[in-house]
Amino acid sequence: MNWKTALCCVAMASAIAVSPALADPQTPVVDGRQQIQQERIGQGTADGRLTPAETIRLERQQTGIQRTENRAKADGVVTPAERARLKHRQNRASRSIYRQKHDAQTAR
36 MNWKTALCCV
46 AMASAIAVSP
56 ALADPQTPVV
66 DGRQQIQQER
76 IGQGTADGRL
86 TPAETIRLER
96 QQTGIQRTEN
106 RAKADGVVTP
116 AERARLKHRQ
126 NRASRSIYRQ
136 KHDAQTAR
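So the sequence shown is numbered by my numbering: it starts at 36 and just counts up by one.
The following block contains the structure:
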């Protein structure tokens, strides 16, 4: 997979993450963080600091967080425990993004 394909995956995931159907005022902090993390992944892909495999792995992680958020919102109430779980998953994802962008690998 080349970097153009990976960039396309990032763009599609970003569009899904910010679609109006998924936006919900109950979790503005989570939504804002998701957007920032998507941008960080996009920047890493664009400047070659993320390999295509790393990009795919990070995108899957973001998709999992979005799925968790959707499940939390399904009953109309996001409990403090669900918010804590989302925050924990986003913290892990943020660390993963940082580590992958700063390792010695580069996209070819």
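Quick reminder that beta carbons are idealized off the backbone N, C-alpha and C, glycines included.
Query raised in the report: Using the beta-carbon count (16 or more within 10 Å), is Val65 buried or exposed?
Result: Counted from its first residue, the sequence shown places residue 65 at position 30. By the neighbour-count criterion, in which a residue is buried when 16 or more other Cβ atoms sit within 10 angstroms of its Cβ, Val65 is buried.
Query raised in the report: Do you know how far the Cα of Ser131 is from the Cα of Arg106?
Result: Mapped onto the sequence shown, residue 106 falls at position 71. Mapped onto the sequence shown, residue 131 falls at position 96. Pairing Arg106 with Ser131, the inter-Cα distance amounts to about 23 angstroms.
Report task. Please list, in chain order, all residues of the same chain as Arg68 whose beta carbon is under 7 angstroms from its beta carbon, the five residues on each side excluded. Result -> Position 33 of the sequence shown, counted from the start, is the residue given in the question as residue 68. If we look at Arg68 and ignore the five residues flanking it on each side, its Cβ neighbours are Gln125.
Report task. Can you say whether Thr86 is buried or exposed, counting buried as having 16 or more other CB atoms within 10 angstroms of its CB? Result -> Position 51 of the sequence shown holds residue 86. Under the 10 Å beta carbon count, Thr86 is surrounded by 16 or more other beta carbons and is classified as buried.
Query raised in the report: Are the beta-carbon atoms belonging to Gln61 and Lys108 less than 8 angstroms from one another?
Result: By one-based count along the sequence shown, residue 61 stands at place 26. By one-based count along the sequence shown, residue 108 stands at place 73. A contact, by the Cβ cut-off of 8 angstroms.
Requested in this report: Starting from the Cα of Gln97, find the closest Cα among Gln70, Gly79, Arg134, Pro63 and give me that residue.
Outcome: Reading the sequence shown from its first residue, position 62 is the one you call residue 97. Per the Cα distances, Gln70.
Requested in this report: Determine the burial state of Gly111: buried for a count of at least 16 other Cβ atoms within 10 Å of its Cβ, exposed for fewer.
Outcome: The residue you call residue 111 lines up with position 76 of the sequence shown. So Gly111 counts as exposed.
Query raised in the report: Who are the near neighbours of Val104 in its chain, counting only those whose CB is closer than 7 angstroms to its CB and skipping five residues on each side?
Result: For this step, residue 104 is matched to residue 69 along the sequence shown. It is worth fixing the name first, because residue 104 is Glu in this sequence and not Val. Closer than 7 angstroms at the Cβ level, and outside the excluded window around Glu104, lie Thr62, Val65, Leu121.
Query raised in the report: In terms of residue numbering, what span does the alpha helix (DSSP H) encompassing His123 cover?
Result: Taking the sequence shown and counting its residues from 1, one reaches residue 123 at position 88. Counting along the chain, the alpha helix (DSSP H) containing His123 begins and ends at 115-136.
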